[in-house]
Structures are given as structure tokens and as C-alpha cells.
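For reference, the structure is listed below as C-alpha cells.
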Amino acid sequence: MSSLLFDTHSHYTDSKFDDPATLLKQLFETDICGAMCCGWDVKSSRDCVELASSFPDLYCSAGIHPENCVDIEDMNSALDEIKALCKKDKVKALGEIGLDYYWEIPKKKQMEYFDAQLGLAEELDLPVIIHDREAHGDVFDMIRSHKKVRGVMHGYSGSAESARQYSNMGFYISFPGTITFKNAAKLPEVAMVVPVDRIVVETDCPYLTPVPFRGQLNHSGYIKYTAAKVAELLNMDYNDFCRIEVENSKKLFNID
Ligand SMILES: [Zn+2]
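See below:
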């Protein structure tokens with residue numbers, strides 16, 4: 002395992018990372034050639050922009066996660082700030098946004114934020130990073146109602162059939178470390194039905210650490226285990242998969 006990968010979903014501004022800059026410097030030498038650092042509210046999005054400014058191959062997104070919309074008093078001013086951040090150079094996506102029915106968050110409020118941010122992505126012509134936790138049907142309907150939206154289904158957990166539909170709609174499917182778990186449920190089947198030019202991988206670090214490091218703090222150094230599992234399922238040479246994964250990630254986020 003030597004090829005470098007693109008980590009399409011990470012949270013290096015999470016407080017669980019004591020010294021993300023030192024860690025990233027190391028990771029860019031040994032494991033990754035690019036990474037997307039995702040915001041989840043206004044402050045974290047701003048922090049992502051700041052961190053990305055120190056690394057040429059670290060990109061970032063700005064957006065409001067469904068879990069965080071409840072803490073906001075004024076939706077319009079929060080979205081104005083997200084819009085301003087989206088115009089910065091290193092901001093290559095709007096996210097992460099979506100619906101989360103696992104936690105008890107008022108559905109109406111989540112929907113309002115999701116709908117407004119999908120509209121903003123269309124207006125700014127930016128790809129979106131979608132969070133969908135136990136809300137598959139509503140996420141699908143909402144995306145379908147924004148015809149120009151494209152992007153990536155992050156930490157994909159839906160069915161093989163929906164994965165195929167999303168890839169037909171121009172979306173990328175991003176596989177997290179959970180694909181390495183014994184109880185990976187539908188993910189292996191999903192990997193086999195999605196065209197390889199629509200597949201990317203992610204860590205979602207510091208969360209979702211793959212086997213054999215499950216339970217420890219995750220980082221992009223572990224993304225190779227996820228990539229190796231996907232390559233194995235696709236019956237592909239590991240290095241070939243890495244090359245395609247990097248190409249796909251760059252197309253997804255419009256990176257030259
Ligand atoms: Zn995330």
C-alpha cells in the first residue's frame with residue numbers, strides 16, 4: 002500500500018484533535034494527496050477556512066449540519082455568513098448539510114435549513130456534502146426538488162438501489178471506515194452496484210475509525226484500510242483504485 006488517497010470527508014477542526022496542523026503535515030507526506038475539511042456550523046466553517054489556508058492540498062466546506070441548526074437564533078444571518086464563506090478560494094463545497102432522524106431534532110427546522118442550503122448551492126454552483134442519517138426517503142425527495150444540485154452522499158448508509166439512483170443523478174457515493182466492519186450491512190453490495198467513476202472514500206475523522214483501529218481516534222492515515230476494502234470488493238488493483246479515487250474526488254470538488 003503506497004498510493005496516496007483523497008480523504009473526501011474529515012473534521013480536523015474538531016476539538017478532539019490537539020494539534021491538527023502537525024498531524025496534517027505528516028499525513029500529506031505519507032497517506033493523502035488531498036483532503037476535504039468539513040464545517041458543521043458557522044464557527045467550524047470559519048475554522049476550516051483558516052486551517053486550509055496553511056495547506057495547499059487541504060480544501061474545505063462551509064455549511065450547517067442538521068444537528069447544529071437548533072442552536073441558531075437567526076437563520077438568515079447564519080446563512081449569509083455561510084454564503085460569504087462559500088466565496089473564499091479554498092471552499093470547494095457546501096456542507097455538511099442534510100437530515101438526521103437518529104437524534105431528536107425538530108424535523109421542520111432541519112428541513113428548512115436543508116432546503117435553504119440546497120438552494121444556496123444551486124445559486125453558487127457549488128457541490129454539496131450530504132449527511133443522511135436514518136432519513137433516506139426525505140433526503141432523496143428534498144434533493145430531487147433541487148434539480149441542479151450535485152455532490153456527494155457522505156458516509157453512505159442507504160440501499161444499493163438508492164446508491165444507483167444517486168449515481169445516475171450525478172452524485173458520488175463516499176464510503177466510510179464502517180465498510181471494514183464485519184456487520185457492514187449493505188455497504189459491500191452498494192460498492193458493487195455503483196460505477197467506479199462515482200466512488201470516493203472518507204474517514205469522517207475523528208469518528209468512524211476502520212478496522213483494525215476501531216475505537217481509536219480516526220485520521221486520514223487510516224483511510225487506506227477503507228480504500229483497500231473497496232478495491233477488494235471491486236476486484237481491483239489497490240493502486241489503480243487509489244488513482245481513480247483521487248481523480249473522482251478532484252472532479253467532485255472541481256479541483257484542478
Ligand atoms: Zn462529518
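Following my numbering, the numbering of the sequence shown begins with 2 at its first residue and continues without gaps.
Idealized CB from N, CA, C, for every residue including glycine.
All of these numbers come straight from a predicted model, not from anything done at the bench.
Beta strand (DSSP E) segments (min. 3 residues) lying fully within the stretch 75–119:
92–101
For K26, is the classification buried or exposed, using 16 other Cβ atoms within 10 angstroms of its Cβ as the cut-off for buried?
Within the sequence shown, residue 26 is the residue found at index 25, counting from 1. Label assigned to K26: exposed.
Any heavy atom of ligand 1 closer than 7 Å to the beta-carbon of H155?
The count along the sequence shown starts at 1 and reaches residue 155 at position 154. It does: the Cβ of H155 is within 7 Å (strictly closer) of some heavy atom of ligand 1.
By the three-class DSSP mapping on this structure, what secondary structure does L127 have?
In the sequence shown, counting from the first residue as 1, residue 127 sits at position 126. Residue state, collapsed to three classes: coil.
Can you find the residues in the same chain that come closer than 6 Å, C-beta to C-beta, to E135, ignoring five residues on each side of it along the sequence?
Start at 1 with the first residue of the sequence shown, and residue 135 comes out as number 134. Hits under 6 Å: Y102 and Y103.
Quick one: give me the first and last residue of the alpha helix (DSSP H) that C49 is part of.
Along the sequence shown, one-based indexing puts residue 49 at 48. V43 to A53 is the extent of the alpha helix (DSSP H) around C49.
Tell me the rounded alpha-carbon separation between P252 and G216.
The sequence position of residue 252 within the sequence shown is 251, counting from 1. The sequence position of residue 216 within the sequence shown is 215, counting from 1. A small correction: the amino acid at residue 252 is Lys; Pro does not occupy that position in the sequence shown. Approximately 32 Å, taken between the alpha carbons.
Can you find at least 3 beta carbon pairs, one from the stretch 50–68 and one from the stretch 79–90, that sit closer than 8 Å?
yes
Here's the rule I'm using: 16 or more other beta-carbon atoms within 10 Å means buried, otherwise exposed. How should V150 be labelled?
Looking up residue 150 in the sequence shown gives position 149. Classification of V150: buried, given that the 10 Å Cβ count is 16 or more.
Candidates S250, V71 and D205: closest to H10 by CA position:
Your numbering for residue 10 matches position 9 in the sequence shown. Selected option, being the one with the closest Cα: D205.
Starting from G152, trace the beta strand (DSSP E) in both directions and tell me its first and last residue.
Your numbering for residue 152 matches position 151 in the sequence shown. Where G152 is concerned, the enclosing beta strand (DSSP E) stretches over G152 to M154.
Is the separation between the beta-carbon of V153 and that of P128 shorter than 8 Å?
The residue labelled residue 153 in the question sits at position 152 within the sequence shown. The residue labelled residue 128 in the question sits at position 127 within the sequence shown. Cβ atoms of V153 and P128: closer than 8 Å.
Between the Cα of C38 and those of N69, K230, L119 and L95, spot the shortest distance and give me the residue it belongs to.
Residue mapping note: residue 38 aligns to position 37 of the sequence shown, counting from 1. Comparing Cα positions, the closest option is L95.
Bridge partners of F258, per DSSP?
For residue 258 there is no data in the structure shown, the boundaries of the chain being 2 and 257.
For the beta strand (DSSP E) containing C61, list its first residue and its last residue.
On the sequence shown, position 60 is the one that residue 61 refers to. First-last of the beta strand (DSSP E) with C61: L59 to A63.
Thinking V140 and I180 are a contact (beta carbons under 8 Å), I'd like their distance in whole angstroms, please.
Taking the first residue of the sequence shown as position 1, residue 140 is located at position 139. Taking the first residue of the sequence shown as position 1, residue 180 is located at position 179. V140 to I180, Cβ: 20 Å. No contact.
Just tell me which of D58, S158 and K109 has its CA closest to the CA of V1.
Residue 1 lies beyond the residue range present for the chain, which begins at 2 and ends at 257; the question has no answer from this structure.
Taking 8 Å as the threshold (C-beta atoms), are K187 and A229 in contact?
The residue given as residue 229 occupies position 228 in the sequence shown. The residue given as residue 187 occupies position 186 in the sequence shown. No; because the gap between Cβ atoms is not below 8 Å, this pair is not in contact.
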